[in-house]
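Chemist:
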Amino acid sequence: MNLASSVDPQLADLSNKLIYSAMAVYVIAMFAHIFEWTFGSKGAVAVRSVEQAGLAAAVAAAQGPAKGAKKVTVTVASADGGTTTLTRTALADAGATVVTSGRDTVADLDGPGAAGSSEKGDLAGRIAVSLAALGAVLHAGAVLTRGLSVVRWPWGNMYEFSCAFALAMVVAYLGLLAAKKPVRWLGLPVLVAVILTLGLAVTVLYTESEQLVPALHSYWLAIHVSTAIFCGGAFYAAFIATVLYLGKDTYDRRIAAGRTSGPLGTPASIWQRLPAAATFDKLSYRINAIVFPLWTFTIVAGAIWAEAAWGKYWEWDPKETWSFITWVFYACYLHARATAGWKGRKAAYLALLAFACWLFNYYGVNIFVTGKHSYAGV
Amino acid sequence: MSTQTDLETDAERLSSAPTEQDGPSGIGALGWLRWTWRQLTSMRVALILLFLLSLAAIPGSLIPQNSQNAFKVQTWKAAHPGVSPVYEKLQLFDVYSSAWFSAIYILLFVSLAGCIIPRTWQFVGVLRAKPPAAPKNLTRMPVYAAWHTEAGHKAVNAAAYAQLKRRGFRAHLSGGAVAAEKGYLREVGNLAFHLSLFALLAGFAWASLASGEGGKLVIEKQGYSNTATQLDDFTGSQFYGLEDLDPFGFKLDGFTARYATSGPQAGSARQFTAHIRYWTGSDTGKLTKGDIEVNHPLEIGGNKVFLIGHGYAPVVTVKNAKGEKVYSGPTAFLPQDGNLTSTGVLKVNDYGEKDGKKTQLGFNGYFLPTAPESFEKTGPVSLFPDAADPMLVLTAYAGDLGTDSGLPQNVYQLDTKHLTQLTQDGNPARARLKPGQAWTLPDGYGTLTFEGYQQWASFTVSHRPGNSIALIGAVAAILGLIGSLFVQRRRVWVRATAGPDGRTLVEVAGLARSESARIAEELAEIAVDLQDDAPAVDDEPSDEPARTAQDSKE
Ligand code: HEM
């Protein structure tokens, strides 16, 4: 009955080293982002961003071969009274080109990004992104070796869960960048969140690499926990977008009221460089709406697993209860978005509350409340 | 200019959500009743009820609940004597079956029924009617495009109709314009989602009305048949009592437990498997092999059998003063810690007579699967859950066990009221036995032999109907949500009109909920495709001035 071989101590050790390396790289990346923001505040903000310059070129290109081509310009009225146009051009032998351009529009109100017009700032931002990518590679290696050291999914306790969750967040952010979405402004908040999560993981939540107790021997572990991790990362991103929406909205109001600084005395130049409030609002809604069905699935998968492990699919165990509370709050938020008089800030507050429940479910319930989900290992 | 609210109300019409009403209309009690009902079924009240539901679920996660751990509730009450009666009154130890929690979800479901059923009919009406005709002024729609063409207006309208049909729109052509709509799956999904919540509730309700659950501890080589007399405990419900137990049984052939032997988590469990053979119905002869593990219950005769716990049962033989065997067999001891330090008692009911007096013997003590070298530092605790170096530690009593009184007794406890502890040299008599060792009891009471040990496993036998309804409800809910959140319901209109200059003006317009970014691209695609049949005139005048001119006319 020799099970000593079931944990590979070298791989486990390598995993720990990789996590620390990843954290170090993330911290440097965070500083690079801070430089980006600092340099950016010195440049003139009104200058067009690189993306917008690129857009202008694309417009010109699309309008060039218009003779004989099929071309339609759609006017889009946005909720705040502005209009945008979208031009689609289709040549007989080439694919379609779509160009959006704004005039007095939301798109125009989206700021130029953290670096503003500063080249140094832009360089710092690029360095930050490269470092974040390097950190993600090390981080992924850490999660992988941790799993390999015990030949199972690397999310059997809170330490592993936190590492995987932080990785999901970085990968989601880098994925958006890779898809050419202008989200570099997300870098700083994402890195801060990731460093906090990993810091907590290696200090408070750390557990040695080990095999699982029989209650966790189930393929539902892979399904239920990995979707939960993904939902967590996405809810986190939506939370950041919601906070920025509230901040930007407050900033807009303060400016309208003739003040010159952002909420809590933050410098206006930060807010000027960020996207418009409506962009944040839409982003947080989209993320939450995409994640909600998956979160529902996570809870259902958990219930199925509970049925197999304990005989009842729902027992109001604290973890189940808080998942339910989180779910209902997000349902509340989605309802609010569809209810007259509740859109905008009120709905945003509900989203914050829902995320607070999610956080409590993750940290609070695992650490302070005892229930059947006692896999935390703390 | 079209204002924001106009656009929003337009878009809102793409949902059959109830509209808000401000005050009671009509007179008297009936008016108020109607108003109350409308309020209850409004989105705002649904929102508030949802909010209340999540708040109401919180205390149950922080205060111990009877339904989960009645013992913890007792301990908590003892520790907080001041507030306990108040909590009791407020049903805070039974939150999820409390009057106030039930009130909230019942109101929510009434509200849901009042909201969803009319919406379903309304939606059926929408499906049977034609898509709403094109508004007079298409420029007021949120997305709009126009161009001039030499093609005739009738032909353009017909082509637009055909194209929208091809794209899966429901479309109809009348009054010189095509009206089309798509994305009904959104509404279908939304209705399916909300309706499936009822299925979930029904599954829950049925489960709580017709479920039963029994517990049974079985020692290796022994059998169990699912009857009232054999169960150690049972919780039934309205429609499932002891008389409804399904006929089946099984024999525990063996139990496998494996533990981590090294590393920081040495001793934690790695595998538990109960190997059984079972029968169902009246055919007790036909046995089927099966394994039960944690996470892998076995379905037998409409019941699920779960592995809940395991432990050791020392096998002991007791002989009386005359040398007759009066007790023999395994007795389950209950584990007290992770290393399976187990406690238990042996009750020798049929000891017979000693010195002409009817006597019984009782023993209590510990079974240690891996005993320490000496107890001096640690006391009788096991060092490891596996039986590497088993030891049985016992003290003995003689007298009346009280088992003949007819009152139910705890088999794991000795009632020492009418018992005297046997002593040796003035100290309580005590033995530490390794397998095979015998203990000569003091005062000529006979001998006790520790033959060895067997393992036992405890099972929960659970009869829970309604699971599949709840599961179907849950799957429908998720599918419904996906439809509801990812499908966009949108309308598209195309109007081709003959202009005074002999050319045809083609206008296309679309309407979707404000969250949709794609309607503009979709409209552009439709328009570009339509230019196959209605090519734009090259020296096209900008449509912008036309739009402004029309707007300012209003
Ligand atoms: C039992 C609790 C309920 C839950 C968990 C729930 C959940 C949800 C969710 C998650 C959505 C989002 C889907 C979407 O945005 O399309 C939604 C939409 C909606 N719910 Fe509920 N709901 C509940 C009760 C109600 C009640 C009582 C009403 C009626 C007053 C209602 C009316 C609606 C309507 C009209 C929508 C669609 C809004 C839209 O068109 O976007 N729901 N619900």
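Going down the list, the protein sequences come from chains A and B. For the first sequence, counting from 1, position 104 maps to 104 in the numbering used here; every step adds exactly one. Counting from 1 along the second sequence, just add 378 to a position and that's the residue number in the numbering used here. Ideal Cβ positions, reconstructed from N, Cα and C, are used throughout, including at glycine.
(1) Closest by CA to A/Val137, which one among A/Pro275, A/Tyr20, A/Ala179 and A/Thr85?
(2) Quick one: Cα of A/Gly64 to Cα of A/Lys71, how far?
(3) So, with DSSP's three-state summary, where would you put B/Asp631?
(4) Quick one: is A/Pro154 buried, meaning 16 or more other Cβ sit within 10 Å of its Cβ, or exposed?
(5) Is any beta-carbon of chain A found at less than 7 Å from that of B/Asn604?
(6) Rank A/Asp8, A/Lys343 and A/Glu36 by C-alpha distance to the C-alpha of A/Leu188 and give the top, closest one.
(7) Near B/Leu490, which residues of its chain fall below 8 Å by C-beta distance, leaving aside the five closest residues on each side in sequence?
(8) Check A/Ser149 in the structure and name its three-state DSSP category.
(9) If distances are taken between C-alpha atoms only, which option among B/Phe429, B/Val451 and B/Gly780 comes closest to B/Gln469?
(10) Can you check DSSP and say which residues form a bridge with B/Glu677?
(11) Is the distance from the Cβ of B/Phe745 to the Cβ of B/Leu770 below 7 Å?
(12) Which same chain residues end up closer than 6 Å to A/Val225 when comparing Cβ atoms and leaving out the 5 residues on each side of it in sequence?
(13) Quick check: the region 847–855 of chain B against the region 705–714 of chain B, are there 3 or more CB pairs under 8 Å?
(14) Find out if the Cβ-Cβ distance for the pair B/Val884, B/Val534 is shorter than 7 Å.
(15) By the criterion of Cβ-Cβ separation under 7 Å, what are the contact partners of A/Lys70 in chain B?
(16) At 4 residues or longer, and completely inside the region 452–515 of chain B: list those alpha helix (DSSP H) runs for me, N to C.
(17) Let me see if you follow: with CB-CB separation under 7 Å, is B/Met421 close to chain A or not?
(18) Out of A/Thr75, A/Leu123, A/Leu274 and A/His335, which one is the CA nearest neighbour of A/Ala289?
(19) In the DSSP assignment, the beta strand (DSSP E) including B/Lys736 goes from what residue to what residue?
(20) Which of helix, strand or coil does DSSP assign to B/Ile850?
(21) Taking B/Gly438 as the query, report the chain A residues whose CB atoms sit under 7 Å from its CB, ordered along the chain.
(22) By the three-class DSSP mapping on this structure, what secondary structure does B/Asp911 have?
(23) Using beta carbons (cut-off 7 Å, strictly below), is B/Ser840 in contact with chain A?
(24) Can you have a look at A/Ala179 and say buried or exposed, based on whether 16 or more other CB atoms are within 10 angstroms of its CB?
(25) Taking the continuous alpha helix (DSSP H) assigned at A/Arg273, which residues delimit it?
(26) Report all residues from its chain with a CB closer than 7 Å to the CB of B/Ser462; omit the five preceding and five following residues, and keep chain order.
(27) Tell me the start and end of each unbroken beta strand (DSSP E) in the region 543–613 of chain B that is at least 3 residues and wholly inside, in chain order.
(28) If you draw a straight line from the C-alpha of A/Met158 to the C-alpha of A/Tyr206, how long is it?
(29) State the start and end residues of the unbroken beta strand (DSSP E) segment that holds B/Asp728.
(30) Drop a sphere of 10 angstroms on the beta-carbon of B/Asn788, count the other beta-carbons inside from all chains shown, and report buried for 16 or more, exposed for fewer.
(31) When you compare the CB positions of A/Asp249 and A/Ala277, do they come within less than 7 Å of one another, or not?
(32) Cα-Cα, which of B/Val886, B/Arg896, B/Tyr790 and B/Gly780 is closest to B/Gln909?
(33) Mapping DSSP to helix, strand and coil, what is A/Thr227?
(34) What residues match up with B/Tyr775 in a beta bridge as DSSP calls it?
(35) Return the first residue and the last residue of the beta strand (DSSP E) that B/Ile654 is part of.
(36) Note down the Cα distance separating A/Phe235 from A/Thr266, rounded to an integer number of angstroms.
Modeler: On the basis of the data shown:
(1) A/Tyr20
(2) Reliability of the predicted coordinates at A/Gly64 is poor, the pLDDT of 44 falling under 50, and no value is obtained from them.
(3) strand
(4) buried
(5) no
(6) A/Glu36
(7) Ala424, His572, Leu575 and Phe576
(8) helix
(9) B/Val451
(10) B/Lys682
(11) yes
(12) Trp155
(13) no
(14) yes
(15) Val906 and Gln909
(16) 462–467 and 477–506
(17) yes
(18) A/His335
(19) Lys735 to Leu746
(20) helix
(21) Trp316 and Thr321
(22) coil
(23) yes
(24) exposed
(25) Ala268 to Arg273
(26) Lys455
(27) 548–552, 555–560, 590–597, 601–603 and 611–613
(28) 8 Å
(29) Ser720 to Lys732
(30) exposed
(31) yes
(32) B/Val886
(33) helix
(34) B/Gly740 and B/Gln799
(35) Ala647 to Thr658
(36) 25 Å
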